[in-house]
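Colleague: Position in the sequence shown (from 1) plus 18 gives the number in our numbering. Ideal Cβ placement from N, Cα and C applies to all residues, glycine included. Sharing a structure, written as structure tokens. Questions coming.
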Amino acid sequence: MLDGHVLVLNKSWVAVHVASARRALSLVYLGSARAVHPHDYSLYDFERWLVLSQDGLGGRYVYTPSFRVRIPEVVLLASFNGFIHHEARFSRHSIFERDNNICMYCGKHFPRSQLTIDHVLPQSRGGGDTWENLVLACLACNVRKGNRTPDEAGMPLLHRPTKPSWLPHFGARVP
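Structure (structure tokens):
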């Protein structure tokens, strides 16, 4: 239960992270964050959240020998008002996420098993493994394109491939 996810907001109420329930409760306990009530968005320090947890709000709880405490869905940081900047990690999974399982040549959506990662500029011509040179292609389009550029094959790309901006929800599960 402590490995569940909790949305973390900066003090301007902007989402900056998704933390484990263990980390979120620790932040509230230490006074670095306050729990946000799920219905009226009022803020609670740990002592008040503990009292509120005894009222049976429903939701996820952590049980100890002497009390139970509700795991907040959202916590608000007490002092941090910036943003956590992350780089989008380059990987096969990230290419599938960026292109949304859509062939960049024919525009059709496919199951992951029917897609390949294609080099826009073929490797044999110096094309590398970069955000700007890799796109998803269905098997038929990849075979049709072969060892040619999209222009040579008469197969224009739907979108020019770029490095994606990191988004807080990219790959995260939020409660």
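1. Kindly list the residues whose CB is nearer than 7 Å to the CB of Y47, restricted to its own chain and excluding five residues on each side of it in sequence; keep chain order.
2. DSSP three-state call for I135: helix, strand or coil?
3. Are the CB atoms of V87 and V80 within a distance shorter than 7 Å?
4. Considering only the alpha carbon of each residue, which of G144, L139 and R178 lies closest to N160?
5. Should V32 be labelled buried (16 or more other beta-carbon atoms within 10 Å of its own) or exposed?
6. Counting beta carbon pairs with one atom in the region 154-173 and one in the region 124-140, are three or more of them shorter than 8 Å?
7. In this structure, what does DSSP give as the bridge partners for R86?
Modeller: So, to answer that:
1. F64
2. strand
3. yes
4. L139
5. exposed
6. yes
7. Y81
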